[in-house]
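Inspection log for the structure reproduced underneath, given as structure tokens.
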Amino acid sequence: MKLLGFLAPEAVIDNLKVRDKSGAIKEMVAMLKKVGLIKARDVPVVVKALLARERLGSTGIGKGVAVPHARCKGVKSVLGLLARSSKGVQFDALDGEPVYVFFLLISAPDAQSPHLHCLERVSLLLRDSNFCRFLKEAKDKKEVVELLKEAEENLKAAKKS
Amino acid sequence: MKENLVKRTVTIKNSSGLHARPAMLLAELANKFEADVTLSLGRRKVDAKSIMEVLTLGAGWGSKLTIAAQGEDAPQALKAVAKLIVQEFSEAKDGD
């Protein structure tokens, strides 16, 4: 599965406006609706599911990164969104630090294996400190999308070697 | 110092695999021990104390993971981590 296959380039949020957890989640879901990835009527359900998941334990896995995720009927396999926050969002991350980069994933209820695969891809990228630095420093949405494309190529090359 | 290296291979049995929450529980547990704890899947080997590293394995249902622990409390660490995996992270059958 391609990285950009599930991270819609048009849905990238260059800089989140809000800095609190539920606000950030709502802003990201609103973007998914805006670009037509989820239906307007699914918005409250998706927001609720994401917040419920956070109550089980924050998806802020440390180092300024969070991977909020939930299931939603009607989506095809897995879809996702990348969002940045220049000032950081208080997300109750495990290391207590603010979150600067979000990979939000919405999976179909039966897409356990694609969901796991997406987490694998995302964490492989995030493990790379260069990628994280470039992602933080990218000037705009266009540069973020370019960076993701490059990362995709690098992952492919790494798998072959 | 090569003291107390212990290993055990276990199979992932929860249907949703080693996704975010199990990875978090596993790393949290591994961090309670002094011993170095690693997980191997095929040729890949990662630090079990880092959630991000654990997630990079993408270990799904049926994956055979080798847990290795080394250090003073290695046997206890191995036992605890293996138990967590074997007990399917106490997940509801539906996962999350």
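If you read the protein sequences in the order shown, they are chains X and E. Sequential numbering from 909 applies to the first sequence in our numbering. Sequential numbering from 68 applies to the second sequence in our numbering. From the three backbone atoms N, C-alpha and C, an ideal C-beta is built for every residue, glycine too.
Mapping the DSSP letters down to three states, classify residue i as helix, strand or coil.
| i | result |
| --- | --- |
| A115/E | coil |
| A141/E | helix |
| G913/X | helix |
| I933/X | helix |
| K160/E | Summary for K160/E: the model assigns pLDDT 49, below 50, so the residue's position carries little reliability; its value from the coordinates is reported in the next sentence. If DSSP states are grouped into helix, strand and coil, K160/E belongs with coil. |
| L132/E | strand |
| Q998/X | strand |
| V121/E | helix |
| E1054/X | helix |
| S1031/X | helix |
| V153/E | helix |
| V943/X | coil |
| S993/X | strand |
| L1063/X | helix |
Looking at the secondary structure, which residues open and close the alpha helix (DSSP H) in which residue i lies?
| i | result |
| --- | --- |
| F1042/X | 1037-1045 |
| G961/X | With the sequence shown as reference, residue 961/X is identified as Arg, and Gly is not the correct amino acid for it. That run of the alpha helix (DSSP H) goes 951-963. |
Under 8 angstroms, do residue i and residue j count as touching if we go by C-beta distance?
| i | j | result |
| --- | --- | --- |
| V1009/X | V973/X | yes |
| I921/X | V955/X | no |
| A991/X | L1012/X | yes |
| G996/X | V986/X | no |
| F914/X | G982/X | no |
| I134/E | L145/E | yes |
| A115/E | V148/E | yes |
| R979/X | A957/X | yes |
| A141/E | V77/E | no |
| Q87/E | G138/E | One detail in the question is off: residue 87/E reads as Ala in this sequence, not Gln. Taking 8 angstroms as the Cβ cut-off, A87/E and G138/E do not qualify as a contacting pair. |
| L108/E | S130/E | yes |
| L92/E | F156/E | yes |
| V975/X | L1027/X | yes |
| E935/X | K925/X | yes |
| S994/X | N1038/X | no |
| L1024/X | L1043/X | no |
| L912/X | K1057/X | yes |
| G968/X | L1002/X | yes |
| D928/X | S966/X | no |
| G84/E | Q1020/X | yes |
Quick one: give me the first and last residue of the beta strand (DSSP E) that residue i is part of.
| i | result |
| --- | --- |
| A87/E | Looking at the DSSP string, A87/E is not in any beta strand (DSSP E); the run it does join, the alpha helix (DSSP H), is 87-97. |
| K971/X | Premise fails: K971/X is in no beta strand (DSSP E) and is neither H nor E. |
| V1007/X | 1007-1015 |
| A919/X | Element bounds for A919/X: n/a, residue is neither H nor E. |
| K74/E | 73-78 |
| V104/E | 103-108 |
| A978/X | 977-979 |
Using only the heavy atoms of the ligand HEM, determine whether one of them is closer than 7 angstroms to the beta carbon of residue i.
| i | result |
| --- | --- |
| K942/X | The ligand HEM is not among the ligands present in this structure, which contains no ligands whatsoever. |
- [ ] Please name the residues in the segment 1009-1026 of chain X whose beta-carbon is closer than 8 angstroms to at least one beta-carbon of chain E, in chain order.
- [x] Q1020, S1021, H1023, L1024, H1025
TODO: Count the C-beta pairs between the segment 1027-1036 of chain X and the segment 118-125 of chain E that are closer than 8 angstroms, then say yes if the count reaches three, no if not.
DONE: yes
TODO: Would you list, in chain order, the members of the segment 116-146 of chain E that have their beta-carbon closer than 9 angstroms to a beta-carbon of chain X?
DONE: S117, I118, M119, E120, V121, L122, T123, L124, G125, A126, G127, W128
TODO: With 8 angstroms as the limit, tell me which residues of the segment 951-982 of chain X have their beta carbon closer than that to any beta carbon of chain E; keep them in chain order.
DONE: R961, L964, G965, T967, I969, G970, K971, V973, V975, H977
TODO: Check each residue of the segment 81-109 of chain E: if its Cβ is closer than 7 angstroms to any Cβ of chain X, include it; give the result in chain order.
DONE: S82, S83, G84, H86, A87, R88, M91
Open item on the list: Residues of the segment 1029-1053 of chain X in Cβ contact with chain E at a cutoff of 7 angstroms, in chain order, please.
Closed with: S1031, L1032, L1034, R1035
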